[in-house]
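A.B. asks: Let me begin by handing over the structure; questions about it come next.
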Amino acid sequence: MLGVLANSAGVLFGGAVGLAFRGRINPKYTSALMAALALVSLGLGIVCVVGVSDTLCLILCVSIGTLLGELLRIDDRVEALGALAEKRLAGGDGGFAQAFVSCSILYCVGSMTVMGSVEAGINGDNSILYAKAVLDFVASLAFGAGLGAGVMASSVCVLITEGGLTLLASALSPYLTERVVGEMSAVGGVLLLGLSINLLGLRQERMRVANMLPAVFLPIAYVPLYDLISELI
1 MLGVLANSAG
11 VLFGGAVGLA
21 FRGRINPKYT
31 SALMAALALV
41 SLGLGIVCVV
51 GVSDTLCLIL
61 CVSIGTLLGE
71 LLRIDDRVEA
81 LGALAEKRLA
91 GGDGGFAQAF
101 VSCSILYCVG
111 SMTVMGSVEA
121 GINGDNSILY
131 AKAVLDFVAS
141 LAFGAGLGAG
151 VMASSVCVLI
161 TEGGLTLLAS
171 ALSPYLTERV
181 VGEMSAVGGV
191 LLLGLSINLL
201 GLRQERMRVA
211 NMLPAVFLPI
221 AYVPLYDLIS
231 ELI
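The opening residue of the sequence shown carries number 1 in the UniProt record's numbering; numbering runs sequentially from there.
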């Protein structure tokens, strides 16, 4: 769990340092950095999706996962959690909830989150999470300066998500094959693409990316079920 703690701390301290310099840095520079990081997220999402080995898995998992998320109203609940934290901690900073939601998704999906947590849970190898901690620290510096205290609050989501994935990987290690992990990363890549579109403001209406989160875990059930059906056929 050391890698999880390091990653959460990286987001927390990176956001704190960025927040300390908020208002002291020319908005032109923070805006440019945020746009650059959004493009990096877009690129990472494309890389994850391009590496998919089963297109049907990607389509079904994203579709079913999104419907589940809509039924559970995950995006609304995460927004409400961010608004509550904004009220309690940020004194009405209007951008707190959006920063919390965007950064929570950014830091909690993608190949490094999935693979790093799985490696930590199965093999006790924290190297991927340590590398991610450094990257997220740098990203949090920019986002903290541009978006405010909501970035720091997202460190709690990092701790819960990666900690949960690590424990889940340890418990389900016989079922988390290389193929399953690869499909989970590909689905996470789709979420990164959606988040990048939001960060870049490419759509007038914000995509409810948080509602897609259940999709990341569906390959755990899809892959063995697909193999079973293939054997029967």
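Cβ coordinates follow ideal geometry from the N, Cα and C atoms, glycine included.
1. Nearest by alpha-carbon distance to residue 34: which of 155, 195 and 71 is it?
2. I think residue 122 touches residue 170, with their Cβ atoms under 8 Å apart; what is that distance to the nearest whole Å?
3. Would residue 140 pass as a contact of residue 156 if the rule is Cβ separation under 7 Å?
4. Alpha carbon to alpha carbon, how far is residue 48 from residue 145? Give it in angstroms, no decimals.
5. Give every residue of the same chain whose Cβ lies closer than 6 Å to the Cβ of residue 52, excluding the five residues on either side of it in the sequence, and list them in chain order.
6. Does the separation of the CB atoms of residue 212 and residue 191 fall below 7 Å?
7. With the cut-off set at 7 Å, would you say residue 180 and residue 229 are in Cβ contact?
8. In or out: residue 134 buried (at least 16 other Cβ within 10 Å) or exposed?
9. Rounded C-beta distance between residue 119 and residue 105? I'm assuming under 8 Å.
10. Cβ of residue 130 within 7 Å of Cβ of residue 6?
C.D. replies: In short, the structure shows the following:
1. 195
2. 7 Å
3. no
4. 28 Å
5. 58 and 186
6. yes
7. no
8. exposed
9. Not confirmed; about 22 Å, so no contact.
10. yes
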